[in-house]
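In full-length UniProt numbering, the protein residues as written are 1 to 283.
Heads up, the beta-carbon is just placed ideally off N, CA and C, and yes, glycines get one too.
Okay, so here's the structure we're looking at.
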């Protein structure tokens, strides 16, 4: 089974933005009205200023604006929460992991246009990123960066290994088998100095026809400027760059940094608890 690696975020950001703008408008209007009241009170000190029910409602709505503005700034520029709904990033991320994505890892972006306002560092090989799916930017995916602009990636679908070339030089990629159980092989993959685990199917069945209609076991990609090649850690069960190509830099939302919660829950049932052992930094 091929897992997409779609991240659950829905339209919360858009709704939050609309509500923030709405409450900001009311907050500004309420403050201007308050100034007017103060001026009147100065002229007529003994006169009591009375608020109607409508004015009290407006005042209460305006009072939540600072909180919404704080949340909006955090989500837009610093950290944004997402939930993992699929198995494409096993064994490192599992279903119902709640993660924090660092929005400023690679720079600050305009939350509306996605235009980069301040450039920081570039994405690196081994980074786990959340990005907008190039073929449908309403969907958010999570994968691991394998290749950066200028790299040549070679993937052997028979051996399940990758090779990375840059300016005719080999980039170090080392594999160590850790476990072999339940028709899955757990492997430690080390790209340069970054280690992480991947899963491959322990079966003689070949899925090369699915990825390579030409029946070739090895396929090569050259990564263009401002694009990235990404793979899921669940290598035989991930819908990634092998199928649909590269991730443009502008589509990158941020770097997945931390698992802050995982719910104990069976499909179709209410959660029964929290898996504390899942909390921690993402490899």
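Note to self: Applying the 10 Å Cβ sphere with the 16-neighbour rule, what's the burial state of residue 63?
What the structure shows: Here residue 63 is taken as the residue at index 63 of the chain shown, counted from 1. Residue 63 should be labelled exposed.
Margin query: Taking its Cβ as the centre, do 16 or more other Cβ atoms sit within 10 Å of residue 276, making it buried, or is it exposed?
Written below: On the chain shown, residue 276 is found 276 positions in, with the first residue counted as 1. By the neighbour-count rule (16 or more Cβ atoms within 10 Å), residue 276 is not buried but exposed.
Notebook entry, point to check: Should residue 256 go down as buried or exposed, given a rule of 16 or more other Cβ atoms within 10 Å for buried?
Noted result: For the purposes of this step, residue 256 is identified with residue 256 of the chain shown, where counting begins at 1. Looking at its Cβ environment, which holds 16 or more other Cβ atoms inside 10 Å, residue 256 is buried.
Next item on the list: Give the single residue among 92, 89, 90, 131 whose Cα lies nearest to the Cα of residue 106.
Entry: Mapped onto the chain shown, residue 106 falls at position 106. If you compare the alpha carbons of 92, 89, 90, 131 with that of residue 106, the shortest gap goes to 131.
Next item on the list: Run the CB neighbour count on residue 230, radius 10 Å, all protein chains shown included, and call it buried at 16 or more, exposed below.
Entry: Indexing the chain shown from 1 puts residue 230 at position 230. Buried, since its Cβ has 16 or more Cβ neighbours within 10 Å.
Notebook entry, point to check: Around the C-beta of residue 241, are 16 or more other C-beta atoms found within 10 angstroms, so that it is buried, or is it exposed?
Noted result: Numbered from its first residue, the chain shown carries residue 241 at position 241. Counting Cβ neighbours within 10 Å, residue 241 comes out buried, since at least 16 surround it.
Check: Of all the alpha helix (DSSP H) runs that stay within the bounds of the region 162–234, which reach a length of 4 or more residues?
Finding: 208–211
Notebook entry, point to check: Among 70, 31, 154, which one has its Cα closest to the Cα of residue 19?
Noted result: Within the chain shown, numbered from 1, the residue matching residue 19 stands at position 19. Comparing Cα positions, the closest option is 70.
Margin query: Rounded to whole angstroms, what is the Cα-Cα separation between residue 125 and residue 31?
Written below: Residue 125 sits at position 125 when you count from the first residue of the chain shown. Residue 31 sits at position 31 when you count from the first residue of the chain shown. Their backbone Cα atoms lie some 50 Å apart in a straight line.
Notebook entry, point to check: Nearest to residue 202 by CA position, among 67, 129, 182, is which residue?
Noted result: In the chain shown, residue 202 corresponds to position 202, counting from 1. Ranking the options by Cα distance to residue 202, first place goes to 182.
Next item on the list: Express the C-alpha separation of residue 66 and residue 175 in angstroms, rounding to a whole number.
Entry: Your numbering for residue 175 matches position 175 in the chain shown. Your numbering for residue 66 matches position 66 in the chain shown. In a straight line, the C-alpha of residue 175 is about 51 Å away from that of residue 66.
Next item on the list: State the DSSP-derived secondary structure class of residue 246, mapped to helix, strand or coil.
Entry: The sequence position of residue 246 within the chain shown is 246, counting from 1. Coil at residue 246, not helix or strand.
Notebook entry, point to check: Which class does residue 113 belong to by DSSP, given the choice of helix, strand or coil?
Noted result: Locating residue 113 in the chain shown gives position 113, where the first residue counts as 1. In this structure, residue 113 counts as coil in the three-state DSSP scheme.
Next item on the list: Output yes or no for whether 7 Å exceeds the beta carbon distance between residue 304 and residue 145.
Entry: Since the first residue of the chain shown is 1 and the last is 283, residue 304 is not available in this structure.
Notebook entry, point to check: What do you reckon, are the CB atoms on residue 200 and residue 160 nearer than 7 Å?
Noted result: Translated into positions along the chain shown, residue 200 becomes position 200. Translated into positions along the chain shown, residue 160 becomes position 160. The beta carbons of residue 200 and residue 160 sit closer together than 7 Å.
Item checked: residue 224 burial status per 10 Å Cβ neighbour count (16 or more: buried) -> As a first step, residue 224 must be located in the chain shown, where it is residue number 224. The residue is exposed, with fewer than 16 neighbouring Cβ atoms inside 10 Å.
Check: Helix, strand or coil: how does DSSP classify residue 132 here?
Finding: Residue numbering aside, residue 132 sits at position 132 when the chain shown is read from its first letter. Strand.
Next item on the list: Compare the Cα-Cα distances from residue 115 to each of 274, 219, 251 and report the closest residue.
Entry: Position 115 of the chain shown, counted from the start, is the residue given in the question as residue 115. Among 274, 219, 251, the Cα nearest to that of residue 115 belongs to 251.
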